[in-house]
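Visitor: For the sequence shown, the residue numbers in full-length UniProt numbering are 1 to 712. Glycine residues also receive a C-beta, built at the ideal position from the N, C-alpha and C atoms. Just passing along the structure, written as structure tokens.
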Amino acid sequence: MGSLCRAWRNPIYGSLSQRHRGSTTIIERPTRAASVRMMASGPPIPPTESPVTQETAVDTLLSYHQETKHSFKKFARGPRGLDWANQPNPFRRYVGASIVNLEHFAEETGSVPYPEVGSGRVQAQPLTKSSLSQLLYDSLSLSAWKSIGTSTWSLRVNPSSGNLHPTEGYVISGPVSGVSDSPFIAHYAPKEHALEIRAEFSTEVWEKVKEGLPEGSLLVGFTSVYWREAWKYGERAFRYCNHDVGHAIGAVTVASAHLGWNSQLVDGYGTKELHHMMGLASPSSVPVTPTAARAVPSSSGILNKGVFPDLEKENADCILAVFPWLAEPLIGISELPVIDAETLISHSSQFEFLGHANKLSKEHVRWDRIYTASSASHKPHRRASVPSFGFGCRPVPEIFMNAALYEDYTVRQVVRKRRSAVDMDGKYGMQRNIFYQLLLKATVGTPGMFPYGALPWDTEIHCAIFVHRVVDLPQGLYFLMRNAAHEQSLKQACSEKFHWEKPEGCPPALPLYRLLTGDARILAARLSCNQDIAGNSFFSLGMISRFQPVLEEKGPWMYPRLFWEAGLLGHVLYLEATAMGVSATGIGCYFDDAVHELLGLEDKDYQSLYHFTVGITCVHRGNGGRKNVETEAQASQNEIKTKIKMSQVLKQVRLQLRNTQKSVGEEGFRHIEQVRYSDVHQAFSVGITPMKAPHQKLPARCCCICAFWLLI
Ligand SMILES: Cc1cc2nc3c(=O)[nH]c(=O)nc-3n(C[C@H](O)[C@H](O)[C@H](O)COP(=O)(O)O)c2cc1C
1 MGSLCRAWRN PIYGSLSQRH RGSTTIIERP TRAASVRMMA SGPPIPPTES PVTQETAVDT
61 LLSYHQETKH SFKKFARGPR GLDWANQPNP FRRYVGASIV NLEHFAEETG SVPYPEVGSG
121 RVQAQPLTKS SLSQLLYDSL SLSAWKSIGT STWSLRVNPS SGNLHPTEGY VISGPVSGVS
181 DSPFIAHYAP KEHALEIRAE FSTEVWEKVK EGLPEGSLLV GFTSVYWREA WKYGERAFRY
241 CNHDVGHAIG AVTVASAHLG WNSQLVDGYG TKELHHMMGL ASPSSVPVTP TAARAVPSSS
301 GILNKGVFPD LEKENADCIL AVFPWLAEPL IGISELPVID AETLISHSSQ FEFLGHANKL
361 SKEHVRWDRI YTASSASHKP HRRASVPSFG FGCRPVPEIF MNAALYEDYT VRQVVRKRRS
421 AVDMDGKYGM QRNIFYQLLL KATVGTPGMF PYGALPWDTE IHCAIFVHRV VDLPQGLYFL
481 MRNAAHEQSL KQACSEKFHW EKPEGCPPAL PLYRLLTGDA RILAARLSCN QDIAGNSFFS
541 LGMISRFQPV LEEKGPWMYP RLFWEAGLLG HVLYLEATAM GVSATGIGCY FDDAVHELLG
601 LEDKDYQSLY HFTVGITCVH RGNGGRKNVE TEAQASQNEI KTKIKMSQVL KQVRLQLRNT
661 QKSVGEEGFR HIEQVRYSDV HQAFSVGITP MKAPHQKLPA RCCCICAFWL LI
């Protein structure tokens, strides 16, 4: 299990073992019809006004979502081995563009204490080369290098599934002394911590682009190279790329607040317009290849592997406006952006984009479903009305801030220290008041609260939380209702067995409910693709999003946006955990419909879009001196209780398994694999007595089937 976790986030680590074993690439084998389709469909199409109807686009996305679900029976289609020779370069460069090196900062230099972030009280810095350097240094830059043996790889301030980093960052701004004397469009190169100036343009055009935005605004854009994620995760990669965009939005929003700046997505821009604005329509944005694209037959004669330079193209995602945080919300702006599509495209078509995109891999594998889903979620350019809470985030309410509960870190220390935990210790519990504090920050306390106000729509995402080890809080399944408007429909959609009771000591401002009581450690790990970090933590959760109605009511382009929202929430959880001296990990691998089954969700009104876990890693001996974690003595005492209670759970499960009257032979084993999940589900839902701080380590293969057979 540990190796599964490590391989998830560390391609180089994997590459060592793969190379030693001399492994070969195994490519998904599509049917003959599919292979013909692949040859005929050609490379990804740049965004145009969508020729398909909105209903067709919604259907395409619903089918993409369904087809890319992992289940107990099969994983979503992807490569069955990793082609290390073609591992994509995580660093895009525009060779030939002029480079402006940005400033670096010592970790201790940030002056804003973490709990102050989002208070709206931080003095706004002027836009200079230094403040622009800080914005990028604290959001998208490299924050660590790691090595094993002769392999070295980098980690960044923003997390990314598999550490593959499909997200590219852009800055569009008026003149900044020391960067450019004219308004400019620049690509951010994280390895060099530098801006590659791709185009300079006139002040008149900049005035038109920024019209309607607050004084002192600059724009930060994001694009995704799907191939980077698809190399490892195949068709599910489109989801992960969008999670990563959400994390990047979170990272820039927090780094902006550190400078006394506010931010919000200018979501009126169309995909095609963003594509032009960021220079992606220019021929130089496609890597030059010495030969024409060719398909290489694999051993099975399938032609989805080959030289497909178009797969290395960036796909425009979104643009954030970043501007000084003002005392009063900006309600005056009615619709953004003011610039219309034709003017924007006609201006940007005249820009001279400098530099040529570097090549990322020698060969590629095409997962066409990704590009179909991406096209179906393209957004048309429409002025969008500014949300009722105003433009930009609203400050975090004072009652949510509780500085005393955090470690003594500055914002810079937190964002640069943030790391994904590779394992969780499975022993210590988290203090209850800390748990509630963390969830308060995960809640949208007031409309548009920082940093959720960076996304100009009402929150669609809730959390189903497995509480494993929180002191004085019964283990079980809980629910964080992040948007009260969905309460009724959610209660109707969920299993009627749920209790919906407020837990003990829960602050009135926290919309948290207990649904069921019981030990769900094994179940939680099982649901998150058997990753024990989801069971050995303090708590883990599934982000439950309102789903099909959102696409139907608001438009198919909401599909990626729901993942952005999930990524933004995940980013808050990462930072809150780090600031409290504990650890967290985003979990993109989970069995979708098993989670829905557990919650009783039968249709597509709500879907789980991202999982997350928060705990303490095995690296720390004892509780690591953390005020927020149980002491050694408390943990040992609770351990004894746990063992007793665990045996009660197992007794029940054993009884149920006996009732299935199946042998444990090959056949029976397979049968039990199928019923096992519902057995555990039942054992969980009968209401096992609460346990605290369990010590029971999940078995190596951490699936329920083995867990229970080994332990019975
Ligand atoms: C969207 C997303 C999904 C992830 N899914 C998993 C996962 O299923 N299992 C896991 O162990 N780590 C997962 N991670 C953690 C990444 O592996 C980690 O972010 C990456 O290795 C970079 O390390 P860092 O977060 O320490 O910078 C995920 C991260 C993100 C952003």
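For S220, which beta-bridge partners are listed by DSSP?
Guide: In the sequence as presented, Ser is not what sits at residue 220; that position holds Val. According to DSSP, which records beta bridges pairwise, V220 is partnered with V171, L320.
Visitor: Kindly examine ligand 1 and report whether one of its heavy atoms sits closer than 7 Å to the Cβ of H70.
Guide: Flag unset: Cβ of H70 not near ligand 1.
Visitor: Can you tell me whether DSSP reads residue 713 as helix, strand or coil?
Guide: A query on residue 713 cannot be resolved here, the shown segment of the chain reaching from 1 to 712 and no further.
Visitor: Tell me the rounded alpha-carbon separation between G162 and L330.
Guide: Near 38 Å, if we compare the C-alpha coordinates of L330 and G162.
Visitor: Please classify A357: is it buried, with 16 or more other beta-carbons within 10 angstroms of its beta-carbon, or exposed?
Guide: A357 is buried by the Cβ-count criterion.
Visitor: Looking at the structure shown, is K502 part of a helix, part of a strand, or coil, going by DSSP?
Guide: It is coil, neither helix nor strand.
Visitor: Quick one, which of D138, E67, H596 has its alpha-carbon nearest T109's?
Guide: For T109, the nearest C-alpha among the options comes from D138.
Visitor: What do you reckon, are the CB atoms on Y478 and P503 nearer than 8 Å?
Guide: Yes, they are a contact pair.
Visitor: Over the uninterrupted beta strand (DSSP E) stretch that includes W145, give me the two end residues.
Guide: Taken as a continuous stretch (DSSP letters only), the beta strand (DSSP E) holding W145 covers 142-148.
Visitor: Do the stretch 257-272 and the stretch 196-204 make contact, defined as three or more Cβ pairs closer than 8 Å?
Guide: Segments in contact, no.
Visitor: Check the DSSP bridge columns for A199 and list the partner residues they point to.
Guide: In DSSP, A199 forms a bridge with I185.
Visitor: First and last residue of the alpha helix (DSSP H) that includes K604?
Guide: Looking at the DSSP string, K604 is not in any alpha helix (DSSP H), and its letter there is neither H nor E.
Visitor: What did DSSP end up calling E335 once you bin it into helix, strand or coil?
Guide: Three-state DSSP puts E335 in a strand.
Visitor: Report all residues from its chain with a CB closer than 6 Å to the CB of V179; omit the five preceding and five following residues, and keep chain order.
Guide: Excluding positions up to five away in sequence, the list reads V100, K129.
Visitor: Can you tell me whether C463 is helix, strand or coil according to DSSP?
Guide: Looking at C463 - three-state DSSP - the assignment turns out to be strand.
Visitor: Taking all protein chains shown into account, decide if I148 is buried (16 or more other Cβ within 10 angstroms of its Cβ) or exposed.
Guide: Answer is exposed; the Cβ neighbour count stays below 16.
Visitor: Do you know whose CA, among K359, L551, P447, P183, lies nearest S285's CA?
Guide: Of the candidates K359, L551, P447, P183, the one whose C-alpha sits nearest the C-alpha of S285 is K359.
Visitor: Indicate the three-state DSSP secondary structure (helix, strand or coil) for H695 in the structure shown.
Guide: Residue placement at H695 cannot be trusted, given a pLDDT of 30 that sits under 50; the coordinates are not used to answer.
Visitor: Would you decide whether K362 is buried or exposed? Buried here means 16 or more other CB atoms lie within 10 Å of its CB.
Guide: By the neighbour-count rule (16 or more Cβ atoms within 10 Å), K362 is not buried but exposed.
Visitor: Going by Cα to Cα distance, which pick from D267, S111, N89, P175 is closest to W153?
Guide: Comparing Cα-Cα distances from W153 to each of D267, S111, N89, P175, the minimum goes to N89.
Visitor: Specify the secondary structure class of H571 as computed by DSSP and reduced to three states.
Guide: Note: H571 maps to helix in three-state DSSP.
Visitor: Quick one: measure Cβ to Cβ for A454 and L320, integer angstroms, because I've assumed they're closer than 8 Å.
Guide: With 8 Å as the limit, A454 and L320 qualify as a contact, their Cβ atoms being about 7 Å apart.
Visitor: Going by beta carbon distance, what residues of the same chain come within less than 6 Å of G221, once the five residues before and after it are set aside?
Guide: Closer than 6 Å at Cβ, skipping near neighbours: Y170, M278, I319.
Visitor: Looking at the strands, I want to know which residues DSSP matches up with T152.
Guide: Partner(s): S147.
Visitor: Can you give the beta carbon distance from R92 to E168, rounded, assuming they're within the 8 Å contact cut?
Guide: About 5 Å separates the two Cβ atoms, so the contact holds.
Visitor: Can you name the start and end residues of the alpha helix (DSSP H) that T585 belongs to?
Guide: Careful: T585 lies outside any alpha helix (DSSP H), inside the beta strand (DSSP E) at 583-587.
Visitor: Nearest CA to the CA of F389: which residue from T446, Q125, G81, T271?
Guide: Ranking the options by Cα distance to F389, first place goes to T446.
Visitor: Does ligand 1 have even one heavy atom less than 7 Å from the beta-carbon of G588?
Guide: Yes; taking the cut-off as 7 Å, the Cβ of G588 has a heavy atom of ligand 1 nearer than that.
Visitor: Is DSSP giving N242 helix, strand or coil here?
Guide: Three-state result, N242: helix.
Visitor: What residues match up with T410 in a beta bridge as DSSP calls it?
Guide: BP columns for T410 point to P113.
Visitor: Hey, would you say L599 sits closer than 8 Å to A442, going by beta carbons?
Guide: In this structure, A442 does not lie closer than 8 Å to L599 by Cβ.
Visitor: Going by C-alpha to C-alpha distance, which of E407, E398, G78 sits closest to R236?
Guide: Comparing Cα positions, the closest option is G78.
Visitor: Looking at ligand 1, does it come within less than 7 Å of T585, judged from the CB to the closest heavy atom?
Guide: Result yes, Cβ under 7 Å from ligand 1.
Visitor: Relative to the C-alpha of H611, which candidate in A579, E602, C529, K627 has its C-alpha closest?
Guide: Selected option, being the one with the closest Cα: C529.
Visitor: Please report the straight-line C-alpha distance between F435 and E487, rounded to a whole angstrom.
Guide: Whole-angstrom Cα-Cα distance: 22 Å.
Visitor: From the DSSP output, which residues share a beta bridge with L473?
Guide: BP columns for L473 point to V470.
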